[in-house]
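A short write-up of the structure that comes next.
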Amino acid sequence: MGADGVVVEYLSAGANRQTSVADWSENGLLAFGADVNIALWRPAAQPPRGIENILSGHKETVKAVIFLPKSDQDESSYLVSGSDDKTLIFWKSIGDSHDFEAVQLSSEHTAPVNCVAAVRDIDKQAGWIVATGAADATIKIWSFENDRLQLLQSIETKPKFFPLALSLSIFDSSVLILAAAGTRETVQILTADLHAPSVDFSWQATLSGHEGWIRSLNFTKQTDEAGSDLLLASASQDKYIRIWRIHQGKELPALAAAGSDPLSGAFLPGKSPSNKVHHLNAAGKELSVTFEALLLGHEDWIYSARWKTHADGKLQLLSTSADNSLAIWEADPSSGIWVSMARLGEISREKGATTATGSTGGFWTGLWSPSGNSVACLGRTGSWRRWEHDSSVDAWKPCVAITGHTKSVTGIAWAKSGDYLLSTSSDQTSRLHTKWTASGNSTWHEMSRPQIHGYDLNCIDSLGDSQFVSGADEKLMRVFSEPKAVATLLNRLAGFGNMNIEDMPDAANMPVLGLSNKAIDAVDEDQEIQPIDDRDREAMDPASVVKKSYLEIDHPPFEETLSRHTLWPESEKLYGHGYEISCLAASHDGKLIASACKASSANHAVIRLFETEKWTEIRPPLVAHSLTATRLRFSSDDRYLLSVGRDRQWAVFERNTDIDAMYKLLQSNTKGHSRMILDAAWAPGQTPLFATAGRDKQVRIWSLKAGEAGKMQFTQTASLPCAGPVTSVDFLPTLVNGKLVLAAGTEAGKVSIYSVDEDGLAVTELPPRRELSLPKSVLQLAWRPMRRKTDESAAFTLAVAGEDSSLRLISFNESYL
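For reference, each letter of the sequence shown is one residue, going -15 to 801 in the numbering used here.
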């Protein structure tokens, strides 16, 4: 808990799918672009935990992230990021913490920045040369020294290509060498004199041979010796990696001089190897570039290639591909032929493997850890995977990594017990997050991915502890029930859950062409799945078969398990609406579901109620709104149902079991706000009281009071002006020191906490906190239900769902509230 009672407990965000989007620094910090943010994660932390910090500064998707090379004398670390907003930001670490501040921002590029490369300027103690490539078809060369940025050169690549990959190196302490490539099949080599008065790159050679766009370039020195050759790896969409050798002197390197065949006879159909020698003259030195080797083995586009020189001098290359694999290559010491030493990832090219189960799209980037004994790669679901090398058995073992939504988080809901949090997103997934408490850990992780859908998901609510309902951009709602496999996993890792699992289905999978998850039986390790008949054979995705051993694990599940084996089977569909579902709410006793859909007329803007025993609609629907209802909330005793909408009005329905509809309109206020109302929340306590949040930059508090002729009605008791449109509100479900606690989030991303008197008359805003600001809209807020008294932490936890694809859990203790 922070000194002042506020602490960020959990941050979750998925990575952007770009080759240059991440870097792993020498001090063990991995930074990656996550929507408009940069997320910082320490993969080797024990126990494993999620993202440590999120840096906000860009306005659009972050595409390139790189740490500047660090020496022992440097006190600070530096990070450079480039984004679709056309800007570059240089970040500097603050103290020895994992926090960074922006020290330079450049808007010189006129289109999205795709790639960044950097090298230390050996003439200057604390200086770097940085190259950036953008969609404006330019490469810009910068000098960065003493926190100051200077543009040295701008190189046009038009009409040749748009740069997607860059690599910079220094050859023989005086030649700056830059490799650039992108939307053409060739690699361009440029050089400059490092000791000249001004750095001025000139085009020197065009390396041909690839047959597709080039996605990644990386230089390395072959050995640590002074005159060592440079090797360049280029990875292309033609499914091959080429290695090129840069050598000093008029004599050619041995392999090229002998005219030997670098392909070792592995000719491609109809191709002869191009072994043309390119001569360069740079900084008064003569250099040659020759083709060294062709690496065959991937079966789809190759997105990245990175070198690593290990402590024992062994040189290895890590490549990642759209074929869902990651390969580690090294040269055979006797023959010099490059062979793949290890292949990690998944093989799921069998018939019927669907995109939804994460089997296409592949790995977008691969990174070496500083020590080289671990690798991490980013998959198409925006999640990371990590392996560590176990030298005792010479094998790569998978490790716990991090996951997160890749688009805006549209809905969040706590289980009624507060044991876990459900989140749902425009990335078409629902996820379950909880604390890993087994074996003394106390860190939050995604433990299940109950729903993978074909529509953007908009809202979610929990029905009891092992069921939830969600609504999407389709006209129906779906109800999911927890399977045995997930219930036992949660019980083992997080220590909760009903162990009355006999009635539960074993597991679930998603049929190849279906939108709904079907209940299936889990199978033992040696058991084969028998198709019912030949017609069924095609539709069975072998990758989605759930073996019991998949979830008998003692750690949070890895991404391949999450995306395939932790689905919840769908138990019901609820029909009735004519358009996309806009909001839903489950009653606190779990017996009713209220829902609404997008509407532009009164007959579609009705609220429909469904009972959860027989799953039938209760008719007639409730009528109040004329446009889309934006939020529905049941009061804590389920006596009242509150609805707010785009028609600027709120309506309160009171429970009445004597009528068919079960709820009856008690009061509606057609002028609740002067602009549309976006959210509402009930307060706990004896007096019925609720808050509404509007686009008119107001939060209004309404309390039940006796009005004219003694009739009870809700009247406004307070109005809180906010800096911008208010998008979300939620009340803490308990009183703190006799006061109500209200959280409100705005379109600008600010979360404010208010202390409210129980009668709703006096309101005080608590001091603002840096942890409570997001770069984009706050889409939903949800306080965690109060747990059993045995819970040792006295903290109150607020879940924040952001349009920036982040999910944040922030804890407060009484000293702050």
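In this text, a Cβ means the ideal position worked out from N, Cα and C, and glycines have one as well.
Original post:
Candidates L616, W313, Q30: which alpha carbon is nearest D714's?
Top reply: L616
Original post:
Do you know how far the Cα of I444 is from the Cα of F464?
Top reply: 11 Å
Original post:
How long is the line joining the alpha carbons of K502 and P553, rounded to whole angstroms?
Top reply: 5 Å
Subject >> Beta-bridge pairing of T671 - partner residues as DSSP gives them >> reply: The partner list for T671 (beta bridge, DSSP) is empty, contrary to what the question assumes.
**OP:** Check A6 in the structure and name its three-state DSSP category.
**Re:** strand
Original post:
If you follow the alpha helix (DSSP H) that K260 is part of, which residue opens it and which one closes it?
Top reply: Premise fails: K260 is in no alpha helix (DSSP H) and is neither H nor E.
Subject >> Inter-stretch contact (C-beta, 8 Å, three-pair minimum) for the segment 718 to 738 and the segment 777 to 789 >> reply: yes
Original post:
I think W666 touches S619, with their Cβ atoms under 8 Å apart; what is that distance to the nearest whole Å?
Top reply: 5 Å
Original post:
Got a sec, what are the start and stop residues for the beta strand (DSSP E) A89 sits in?
Top reply: Sequence check: residue 89 is Leu here, not Ala. Taken as a continuous stretch (DSSP letters only), the beta strand (DSSP E) holding L89 covers 84 to 90.
**OP:** Within its chain, find whatever has a CB closer than 7 Å to the CB of E129; leave out the 5 residues flanking it on each side and keep chain order.
**Re:** K108, A110, G111
**OP:** Tell me, to the nearest whole angstrom, how far the beta carbon of L215 is from that of T204; I am working on the premise that it is less than 8 Å.
**Re:** 5 Å
Original post:
Got a sec, what are the start and stop residues for the beta strand (DSSP E) H429 sits in?
Top reply: 427 to 436
Subject >> Separation of S65 from K54, as counted between CA atoms >> reply: 16 Å
Original post:
With a CB to CB cut of under 8 Å and the five nearest residues on each side skipped, what residues in its chain are close to E270?
Top reply: Q232, G233, K234, H263, L264
**OP:** Alpha carbon to alpha carbon, how far is E536 from T472? Give it in angstroms, no decimals.
**Re:** 8 Å
**OP:** Could you please give me the residues that DSSP links to K681 through a beta bridge?
**Re:** Note: K681 sits in no beta bridge, so no partner.
Subject >> Rounded straight-line distance, which links the Cα of A385 to that of I73 >> reply: 27 Å
**OP:** Report the rounded CA-to-CA distance for T408 versus T293, giving the unit in angstroms.
**Re:** 42 Å
Original post:
Expressed to the nearest angstrom, what Euclidean distance is found between the alpha-carbon atoms of N425 and K648?
Top reply: 49 Å
Original post:
Among the residues of its own chain, which have a CB less than 6 Å from the CB of G117, if the five just before and after it don't count?
Top reply: N98, C99, I123, P147, L150
**OP:** Verify whether the separation of the beta carbon atoms of G729 and L765 is less than 9 Å.
**Re:** yes
Original post:
Is the Cβ-Cβ distance between W172 and A163 less than 9 Å?
Top reply: Per the sequence shown, residue 172 should be read as Gln rather than Trp. Closer than 9 Å, so yes.
Subject >> Rounded straight-line distance, which links the Cα of P32 to that of K809 >> reply: Shown here, the chain extends from -15 to 801; a query on residue 809 therefore has no answer.
Original post:
In chain order, which beta strand (DSSP E) runs of at least 3 residues are fully inside the segment 31 to 80?
Top reply: 37 to 40, 46 to 51, 62 to 67, 72 to 77
Original post:
Using CA coordinates, which residue listed in A311, Q300, S305 is at the minimum distance from P317?
Top reply: Q300
Subject >> E270, DSSP secondary structure in three states >> reply: strand
Original post:
So, is Q670 buried or exposed, given that buried needs 16 or more other C-beta atoms within 10 angstroms?
Top reply: exposed
**OP:** Leaving out five residues on either side along the sequence, give the residues of the same chain with a beta carbon under 6 Å from the beta carbon of W833.
**Re:** An answer regarding residue 833 cannot be provided, because it is not within the stretch -15 to 801 covered by the chain.
Subject >> Host alpha helix (DSSP H) of N475 (start-end) >> reply: 468 to 478
Original post:
Are F155 and A266 close, meaning C-beta to C-beta below 9 Å?
Top reply: yes
Original post:
Can you tell me the Cα-Cα spacing of E802 and R168, whole angstroms?
Top reply: Only positions -15 to 801 of the chain appear in the structure, and residue 802 is not among them; the question remains open.
**OP:** Report all residues from its chain with a CB closer than 6 Å to the CB of Q700; omit the five preceding and five following residues, and keep chain order.
**Re:** R684, W686
Original post:
Alpha carbon to alpha carbon, how far is L716 from T676?
Top reply: 15 Å
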